[in-house]
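Novice: According to our numbering, the sequence shown is numbered sequentially starting from 1.
What follows is a single structure, and I will ask about it in a moment.
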Amino acid sequence: MLNGRSDTGVKRRWRIPPPILRDAKAPGPEGLAVLEEFRSELGGVLWKSLRSVLLWAQARPSERKSLFAPDAAKRRALDLLALALEEDDVREPLEMLTEVLAIPARVDPELVGLACRRLAGWAEGADAPLTSLEFLQAAALACPANAHFALAVGRATRDLAQYSRSESWLQRSVGLARQAGDWETYIRAYLGHGKMMLRRGVLPAARRSYVKALRRSVRQGLQELEAMTLQDLFILEDKAGNVTRAVTYATRAVATFPTRHRNLPHLAHDIAVFWMQRGDVEHAFPVLRETVDRVQERYRGIAIGSLARAGGHLGDEAAFDWAVGELERWWDGPGIADAWAEVARGAVAMARFDDARDFAQRAETMARHRGESLVRFEAEALIQSIQAEQAALESRSSDRPSSAQPETDQLARELLKSLQAQPVNA
Numbered sequence: 001m002l003n004g005r006s007d008t009g010v011k012r013r014w015r016i017p018p019p020i021l022r023d024a025k026a027p028g029p030e031g032l033a034v035l036e037e038f039r040s041e042l043g044g045v046l047w048k049s050l051r052s053v054l055l056w057a058q059a060r061p062s063e064r065k066s067l068f069a070p071d072a073a074k075r076r077a078l079d080l081l082a083l084a085l086e087e088d089d090v091r092e093p094l095e096m097l098t099e100v101l102a103i104p105a106r107v108d109p110e111l112v113g114l115a116c117r118r119l120a121g122w123a124e125g126a127d128a129p130l131t132s133l134e135f136l137q138a139a140a141l142a143c144p145a146n147a148h149f150a151l152a153v154g155r156a157t158r159d160l161a162q163y164s165r166s167e168s169w170l171q172r173s174v175g176l177a178r179q180a181g182d183w184e185t186y187i188r189a190y191l192g193h194g195k196m197m198l199r200r201g202v203l204p205a206a207r208r209s210y211v212k213a214l215r216r217s218v219r220q221g222l223q224e225l226e227a228m229t230l231q232d233l234f235i236l237e238d239k240a241g242n243v244t245r246a247v248t249y250a251t252r253a254v255a256t257f258p259t260r261h262r263n264l265p266h267l268a269h270d271i272a273v274f275w276m277q278r279g280d281v282e283h284a285f286p287v288l289r290e291t292v293d294r295v296q297e298r299y300r301g302i303a304i305g306s307l308a309r310a311g312g313h314l315g316d317e318a319a320f321d322w323a324v325g326e327l328e329r330w331w332d333g334p335g336i337a338d339a340w341a342e343v344a345r346g347a348v349a350m351a352r353f354d355d356a357r358d359f360a361q362r363a364e365t366m367a368r369h370r371g372e373s374l375v376r377f378e379a380e381a382l383i384q385s386i387q388a389e390q391a392a393l394e395s396r397s398s399d400r401p402s403s404a405q406p407e408t409d410q411l412a413r414e415l416l417k418s419l420q421a422q423p424v425n426a
């Protein structure tokens, strides 16, 4: 558990445990994922570069001088020359990593870490998430005191549903950040932990992490992080059924976010879903439609699923079918199981029960694969409700348009105005 106090409540020094380096279900030797995602000569060079960094990072400084053969750097340089790489984002960091072989006792760990981070970003853009993770972890091992690097590994493993591994890295990030007085990374690590616990359905643990993040962000005067934490608390209290608390946090978040902040589309999405779940689809739909092309790309699938549900409840088959077609492109990722559950609810609303069963089963399978207990439970309940047409029809009543409060009209107008001022993703 992420905690800065002992069981007796006495403040103690942070002990930073070693992180989990491998997923228990990962097959084969370390770095095998690189060769699986890049079945080419480039994959071989990436793998050898990764292995060199890991060997160097895990060796004692006194052992590094004689770690590699005298001609290792020359041979690696010839490998790179043979590839004739044109992309700077992969060629330049690979060239930098030859320094690990050439001057292992003197190479700057920070430069090694930055080169690994650059390769991780390139791999993510090349749809190679496991390769990206390998280089993120290599960066964190090369710079073992860097809390930001540890946080990146915690987030990546969380999004790949490697939860035990993620928790170990997030805990490490919290401890390193606290030691360094890096309060922004400290807060982000707690937010990352809270998101992971929420996905797993462990709401009390999620709430504890969020409250720690909120207290520290207020104490340090970090307005942006305070707003992000309020948004996460709004989502949590909504999931917990605490409507009054949820509305309070949502209102505070809207008031706290700076104008045109990049997270505003995400907050607008979450508020629109909150309205939709309480029957106010009329206000939710136009807001959701504006968020789809404005949320971060990795979360676009979630926004599309929400739009499908709203379209279904409004009987807008064109919007629903468009959303289903778009969602088919998302093979996996954070929130994808929840997105398919939302599509299933939209199909139920249009009495497309065969489709609804297929979509709900897909959501259940994905949630089970990713270890997302709360979404899996919701998907199983949805599958059961679809078995009887009467039960499915009755479930529609909770999403029929209800009389909205005047403040909802005002908030919806404010959100639409803010969204339309935001740039659309390229």
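We put the beta carbon where it would ideally sit given N, CA and C, even for glycine.
1. Smallest Cα separation from residue 326: which of 315, 306, 75 and 217?
2. Helix or strand or just coil, what does DSSP make of residue 25?
3. Taking the Cβ atom as the reference point for each residue, do residue 188 and residue 19 lie within a distance shorter than 8 Å?
4. Out of 207, 231 and 179, state which residue places its alpha-carbon closest to the alpha-carbon of residue 15.
5. Count the C-beta pairs between the segment 358–375 and the segment 197–217 that are closer than 8 Å, then say yes if the count reaches three, no if not.
6. Reducing DSSP to helix, strand and coil, say where residue 265 ends up.
7. Near residue 95, what residues of its chain come up, given a Cβ to Cβ distance below 7 Å and the 5 sequence neighbours on each side ignored?
8. Whose C-alpha, out of 319, 380, 226 and 110, is nearest the C-alpha of residue 255?
9. Could you check the C-alpha separation between residue 65 and residue 78 for me, to the nearest Å?
10. So which of 32, 82, 48 and 97 has the shortest CA-CA distance to residue 128?
11. Determine the closest residue to residue 132 out of 304, 155 and 120, with distance taken between C-alpha atoms.
12. Under 8 Å, Cβ to Cβ, is there at least one residue of chain D near residue 238?
13. Restricting to Cα atoms, I'd like to know which of 161, 159 and 147 is closest to residue 176.
14. List the endpoints of the continuous alpha helix (DSSP H) containing residue 143.
15. At what residue ranges does the segment 246–316 contain a whole run of the alpha helix (DSSP H), taking only runs of 4 or more?
16. Is the number of C-beta pairs between the segment 232–241 and the segment 203–222 that are closer than 8 Å three or more?
17. Excluding the 5 residues preceding and the 5 following residue 253 in the sequence, name in chain order all residues of the same chain whose CB lies nearer than 7 Å to its CB.
18. Quick one, are the C-beta atoms of residue 334 and residue 295 less than 8 Å apart?
19. Kindly indicate the opening and closing residues of the alpha helix (DSSP H) around residue 218.
20. For residue 509, collect the residues of the same chain with a Cβ closer than 7 Å to its Cβ; drop the 5 residues on either side in sequence, then sort them by chain order.
21. From this set, 262, 299, 261 and 303, which residue's C-alpha is nearest residue 273's C-alpha?
22. Residue 55 to residue 135, Cα distance in whole Å?
23. Relative to the alpha-carbon of residue 34, which residue among 22, 105, 50 and 365 has its alpha-carbon at the smallest distance?
24. Let me know the secondary structure DSSP gives residue 104 once reduced to three states.
25. Relative to the C-alpha of residue 145, which candidate in 162, 185, 97 and 248 has its C-alpha closest?
26. What do you get for residue 53, buried or exposed, if any count of 16 or more other CB atoms within 10 angstroms of its CB means buried?
27. Could you give the uninterrupted runs of the alpha helix (DSSP H) lying entirely in the segment 72–132, keeping only those of 4 residues or more?
28. Using the Cβ count rule (16 or more neighbours within 10 Å means buried), how would you classify residue 76?
29. Taking residue 48 as part of the alpha helix (DSSP H), name the residues at either end of that continuous run.
30. What did DSSP end up calling residue 162 once you bin it into helix, strand or coil?
31. Let me know the secondary structure DSSP gives residue 324 once reduced to three states.
32. What's the gap between the Cα of residue 297 and the Cα of residue 421?
33. If we call anything under 8 Å between Cβ atoms a contact, is residue 440 one with residue 347?
34. Express the C-alpha separation of residue 387 and residue 351 in angstroms, rounding to a whole number.
Specialist: In short, the structure shows the following:
1. As a first step, residue 326 must be located in the sequence shown, where it is residue number 326. Comparing Cα-Cα distances from residue 326 to each of 315, 306, 75 and 217, the minimum goes to 306.
2. Position 25 of the sequence shown, counted from the first residue, corresponds to residue 25. In this structure, residue 25 counts as coil in the three-state DSSP scheme.
3. Walking along the sequence shown from the start, residue 188 turns up at place 188. Walking along the sequence shown from the start, residue 19 turns up at place 19. Not closer than 8 Å, so no.
4. Here residue 15 refers to the residue found at position 15 of the sequence shown. Cα-wise, what sits closest to residue 15 is 179.
5. yes
6. On the sequence shown, residue 265 is found 265 positions in, with the first residue counted as 1. Of the three classes helix, strand and coil, the one that applies to residue 265 here is helix, per DSSP.
7. To locate residue 95, count along the sequence shown from 1; it is residue 95. Excluding positions up to five away in sequence, the list reads 80.
8. Locating residue 255 in the sequence shown gives position 255, counting from the first residue. The option with the nearest alpha carbon to residue 255 is 226.
9. One-based indexing of the sequence shown puts residue 65 at position 65. One-based indexing of the sequence shown puts residue 78 at position 78. Distance from the CA atom of residue 65 to the CA atom of residue 78, rounded to whole angstroms, is 22 Å.
10. Here residue 128 corresponds to residue number 128 of the sequence shown, with the count starting at 1. Nearest Cα to residue 128 within the set 32, 82, 48 and 97: 32.
11. For the purposes of this step, residue 132 is taken as the residue at position 132 of the sequence shown. Of 304, 155 and 120, the residue nearest in Cα terms is 120.
12. Structure shown: chain D not included; a single protein chain is present.
13. Here residue 176 refers to the residue found at position 176 when the sequence shown is read from its first residue. Cα-wise, what sits closest to residue 176 is 147.
14. To locate residue 143, count along the sequence shown from 1; it is residue 143. Here residue 143 belongs to no alpha helix (DSSP H), and DSSP marks it neither H nor E.
15. The segment 246–316 contains these whole alpha helix (DSSP H) runs: 264–277, 281–291 and 300–314.
16. yes
17. Counted from its first residue, the sequence shown places residue 253 at position 253. Closer than 7 Å at the Cβ level, and outside the excluded window around residue 253, lie 227, 230, 231, 234 and 267.
18. Start at 1 with the first residue of the sequence shown, and residue 334 comes out as number 334. Start at 1 with the first residue of the sequence shown, and residue 295 comes out as number 295. Taking 8 Å as the Cβ cut-off, residue 334 and residue 295 do not qualify as a contacting pair.
19. Counted from its first residue, the sequence shown places residue 218 at position 218. Unbroken alpha helix (DSSP H) run through residue 218: 203–220.
20. The requested residue 509 is not part of the displayed model; the chain covers only 1 to 426.
21. Taking the sequence shown and counting its residues from 1, the one referred to as residue 273 is at position 273. The residue with the shortest Cα to Cα distance from residue 273 is 303.
22. Locating residue 55 in the sequence shown gives position 55, counting from the first residue. Locating residue 135 in the sequence shown gives position 135, counting from the first residue. C-alpha separation (whole angstroms): 13 Å.
23. The residue you call residue 34 lines up with position 34 of the sequence shown. Residue 34 has its Cα closest to that of 50, out of 22, 105, 50 and 365.
24. On the sequence shown, residue 104 is found 104 positions in, with the first residue counted as 1. Residue state, collapsed to three classes: coil.
25. Indexing the sequence shown from 1 puts residue 145 at position 145. The option with the nearest alpha carbon to residue 145 is 185.
26. Working through the sequence shown from its first residue, we reach residue 53 at position 53. The residue is buried, with at least 16 neighbouring Cβ atoms inside 10 Å.
27. Taking only runs of at least 4 residues, the alpha helix (DSSP H) segments lying wholly in the segment 72–132 are 72–83, 88–102 and 109–125.
28. As a working note, residue 76 is residue 76 in the sequence shown. Around the beta-carbon of residue 76, 16 or more other beta-carbon atoms lie within 10 Å, marking it buried.
29. Your numbering for residue 48 matches position 48 in the sequence shown. Start and end: 41–57.
30. Here residue 162 refers to the residue found at position 162 when the sequence shown is read from its first residue. Of the three classes helix, strand and coil, the one that applies to residue 162 here is coil, per DSSP.
31. Position 324 of the sequence shown, counting from 1, holds the residue named residue 324. For residue 324, the three-state secondary structure derived from DSSP is helix.
32. Here residue 297 is taken as the residue at index 297 of the sequence shown, counted from 1. Here residue 421 is taken as the residue at index 421 of the sequence shown, counted from 1. Cα-Cα distance, rounded: 18 Å.
33. For residue 440 there is no data in the structure shown, the boundaries of the chain being 1 and 426.
34. Numbered from 1 along the sequence shown, position 351 holds the residue referred to as residue 351. Numbered from 1 along the sequence shown, position 387 holds the residue referred to as residue 387. For residue 351 and residue 387, the distance between alpha carbons rounds to 12 Å.
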